[in-house]
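Structure record follows, encoded as structure tokens.
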Ligand SMILES: Nc1ncnc2c1ncn2[C@@H]1O[C@H](COP(=O)(O)OP(=O)(O)OP(=O)(O)O)[C@@H](O)[C@H]1O
Ligand SMILES: [Mg+2]
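Chains as they are written, first to last, in the numbering used here: chain Z, 4 to 230; chain F, 40 to 858.
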């Protein structure tokens, strides 16, 4: 009970307008996630997992309710401020990697640190790529790397900003079992060694069960679950 | 932000950025080369006109030139010369003759040159030196009338002067062609000794000035307020109005044509930007998740735009400079003088074009890029696509603004905009119908025809857009061909090869037959003879003209001096009655002169001719084609009014250079007849026309380049999709030749449709342009209906198949790889 609260929501609700009318994707979600915890979010396709993840990370503004990230109320912040917070607290890993194709692997990893004006960006990036076992591929472009290698670069990039919370949206979704395992191993290792909070959306029940907590998303509602 | 620079450098190699840069270079280059070239023409025209004026500027006065005017000119660093013109008797060998004498200072003329000769009635050699003190130059006519030869003495007032040359042309006086008295030029230092100028003499004092434009401009603003009645500031522009108008007309035409290149480049830029934005949306969203703030991203992309601008504008300026240098040197063979260097100041128009183009075509799209929600990394439907309308509005406003900037008005841009909007509407309706028809006529996918036609309908929106773009390009090209033809023929009609290059005036009624004889023997073409009687207007209705203009305001030219009146049975060539009827019961006035003097139809004018007064109503107003080089008159009066006065006759002739000597010699039998050679002036006008035609070719080339760029850019935006389809067809067992056939059918029909609609649109816009802008007769252009579809099919099929050649090469494996 003495752990700090990393992330907390109160009655988080999100409604979008689409061509067919208003659609409420998230319907009053209350969660509290402590620093260092690893949390899996599972649920059917289209249930709103990605939307929740994005809002928790401050990628967009929720339409109602409250999100508090390390005592910052995201709901009231401008995009400019939210971006700064993201740079400071948040790291991301995506299903389809999303590396910048025109930058080399090491340059991709340097990006977060460079955005913060860190002079040591390059050394840090090289160190991180070594950690994920890619020290020999520093100057390769994403298209020259396999899917698993690309995701390892993405992990190195996610940890480059020394984030307090790492968000991952189906990080193994595009990988085969072998590569998926390597990635998961890396994620949990880094999570432990850096004390990072991990929030992960996944369809993979074994992966979900490796996390401290499991949350089940269904029809815009979130329940604490046990797999 | 070292990564920003890296990011940009990497991007510069991408095809969109290259398209953007090329488009910028084309639009900046086109506008730059046009504005520089026209500037050079204008400068050269001003210089040539200055030759007619013998100076860059002249202050003319009926009082001696004030010392302060001269000293101020010295302070401004201007070159100066003086000319004093007056009419007086010259005596020699017991003969006397009224003559028009110019007494000039040693530095006269500042611009242009005298033509003098040692033989009577010869063509003359150039001389930039004024007669020395103690010498006088007599026109051949004057020398014949006085029966003196070179080396003999004549008396002007109390001074005795030696005839040292025969005067053929005094550069500063060539425009007062209709002066009655024969001319002579002497040195101003001898003027005092003559004692002919006494208070009350009718004398015209001129201070001639030359120097750089700024100094002259400053001098003008300084002296204008000091000018009183009888004093004028003369510029070369006023002297050669018809050439000036030709150049102005040509400039707005060239820039209008250039606008087409700018529009096309703009479209290419917009297409490339749209592709750029599409490719980068996800990247920007990712950067945002990594903590890139909107401000950082704005900086990043503004920096990118700025680098683009610098590279494109510099490239455009440099290529524009070389292009106009190129045409100028091509023209060197045609011209007697080299064109003056263009002014660097004219580069701004090209720079402004590049800047406005980028702002109008790239910035809105870039803003859209920056506004993407980072959530779209996780949820693609979270993208913002709201402000599409803003993008079109900004693009349109930018283009319209540019067009107004070029043409200095709203008329042409509005016609063009309406034409484009109309074409857009027509193209959408027709295109939709034709695509649908093509689709209906074929079903299944067994032949290239069916696949090609079906694909036109399937990609309806992008194809309608391409149809519109292609139609516009072909239409603009056709319009240009049409306008060029009508413009050049307009000019040529104005100044045919055999435009009159000599005026004969001071011809007595009984000499007309003899001169006609000479003209027939030498086989010369001539205009008819116009009788001329001197007179002046003394009253408008009941008011004396002196009372109409308060002290200090300039008098209209019509009242200022005696002028030449003529009569005519019918309206002359190049004259057009715009109000009233031309008949022998009243006065016919030239439109501008009438407007300047504030005279309306029905006003009664009192003319003083030979001491008698006649009061007649104004019964018609005419426009006169001053560019025609035929004798023209401000005032035409009824025949019966002039019948009792001895008339001088005037006519114009075309004399080929090799006939000139024979003609002058024959004419020495009529020493009282004045001959004015305007051949040089004509040559100058014809050179300018040649220069302008050349410039139009250049603009056509620029437009073609921009058009090809649009084609390639617009095909590029559908390339991904086409590749996938090509691969799919191949997977399904289609041969590459079938895919190629389908492509040819698709682009061929697109080209055919564009060509037909373009011919329609071009015909309609030419109607508009001919009617409202050039005010020339409307004509039908059958050529366009052949050229349009032909060019459409050939150009679009070849560029289309070329630009999508990779579709044929995609291995079917392509489908399995995910991008
Ligand atoms: N901006 C939007 N406009 C319209 N609909 C949206 C928008 N954002 C999300 N949706 C809809 O909300 C629902 C939830 O989307 P979300 O991506 O969060 O689901 P998900 O649980 O991540 O699904 P998956 O497991 O397939 O990734 C979907 O039906 C989606 O189409
Ligand atoms: Mg999802």
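Just so it is clear, CB atoms sit at the ideal spot from N, CA and C, and this is done for glycine as well.
The nearest non-hydrogen atom of ligand 1 is 7 Å or more from the C-beta of residue 221 (chain Z). Residue pairing by DSSP places residue 654 (chain F) opposite F:645 in a beta bridge. Taken in chain order, the whole alpha helix (DSSP H) runs of length 4 or more contained in the segment 114 to 193 of chain Z are 124 to 134 and 150 to 163. Residue 798 (chain F) sits in a helix when the DSSP states are folded into three classes. Between residue 790 (chain F) and the set F:505, F:755 and F:144, the nearest pair of CA atoms involves F:505. The C-alpha of residue 515 (chain F) is placed about 48 Å away from the C-alpha of residue 264 (chain F).
Within the segment 401 to 417 of chain F, those residues whose Cβ lies closer than 8 Å to any Cβ of chain Z are, in chain order, 412, 413, 414, 416 and 417.
By the CB criterion at 8 Å, residue 521 (chain F) and residue 801 (chain F) fall inside the cutoff. The segment 76 to 88 of chain Z makes no contact with the segment 54 to 70 of chain F, as fewer than three CB pairs between them are under 8 Å. Distance check between residue 611 (chain F) and each of F:569, F:651, F:604 and F:573 places F:569 closest, using alpha-carbon atoms only.
Placement of the Cβ of residue 415 (chain F) at a distance of 7 Å or more from every heavy atom of ligand 2 is found. For the segment 791 to 802 of chain F, there are no residues whose beta carbon sits under 9 Å from a beta carbon of chain Z. In the three-state scheme derived from DSSP, where H, G and I count as helix and E and B as strand, residue 471 (chain F) is classed as helix.
Secondary structure of residue 542 (chain F) (DSSP, three-state): strand. C-alpha of residue 743 (chain F) to C-alpha of residue 67 (chain F): approximately 15 Å in a straight line. The three-state reading of DSSP puts residue 95 (chain Z) in strand, counting E and B together. By the neighbour-count definition (other C-beta atoms within 10 Å, threshold 16), residue 468 (chain F) is an exposed residue.
Residue 487 (chain F) and residue 754 (chain F) have their C-alpha atoms roughly 19 Å apart. Non-local C-beta neighbours of residue 508 (chain F) in its own chain, meaning closer than 7 Å and more than five positions away in sequence, comprise 306, 749 and 753, ordered along the chain. DSSP places residue 419 (chain F) outside any beta strand (DSSP E), giving it a letter other than H or E. Annotation: the continuous beta strand (DSSP E) that includes residue 11 (chain Z) extends over 8 to 21.
Taking a C-beta distance under 8 Å as the contact criterion, residue 160 (chain F) and residue 707 (chain F) qualify as a contact pair. Only buried fits residue 408 (chain F), as 16 or more other CB atoms lie within 10 angstroms of its CB. Going by C-alpha positions, residue 460 (chain F) is about 35 Å away from residue 617 (chain F).
For residue 329 (chain F), the C-beta contacts it makes with chain Z under 8 Å involve 89, 90, 95, 114, 115, 118, 160 and 164, in order along the chain. Annotated three-state conformation of residue 109 (chain Z) is helix, per DSSP. Counting C-beta atoms within 10 angstroms of its own C-beta, residue 759 (chain F) has fewer than 16 neighbours from the protein chains shown and is therefore classed as exposed.
At a Cβ-Cβ threshold of 8 Å, residue 378 (chain F) and residue 367 (chain F) count as neighbours. Using a cutoff of 7 Å, the CB of residue 52 (chain Z) counts as near ligand 1, since one of the ligand's heavy atoms is closer than that. Inclusion of residue 88 (chain Z) and residue 120 (chain Z) in the CB contact set at 8 Å is not warranted, their separation being larger than that value. In chain order, 232, 233 and 234 place their CB closer than 7 Å to the CB of residue 197 (chain F), counting only its own chain and leaving out the 5 sequence neighbours on each side. By the neighbour-count criterion, in which a residue is buried when 16 or more other Cβ atoms sit within 10 angstroms of its Cβ, residue 148 (chain F) is buried. Under the three-state reduction of DSSP output, residue 606 (chain F) falls in the coil class, being neither helix nor strand. One Cα belongs to residue 795 (chain F), the other to residue 496 (chain F), and the distance between them is close to 18 Å.
In this structure, residue 63 (chain Z) has its beta carbon at no less than 7 Å from each heavy atom of ligand 2.
By the C-beta density criterion, residue 696 (chain F) is exposed, having fewer than 16 other C-beta atoms within 10 angstroms.
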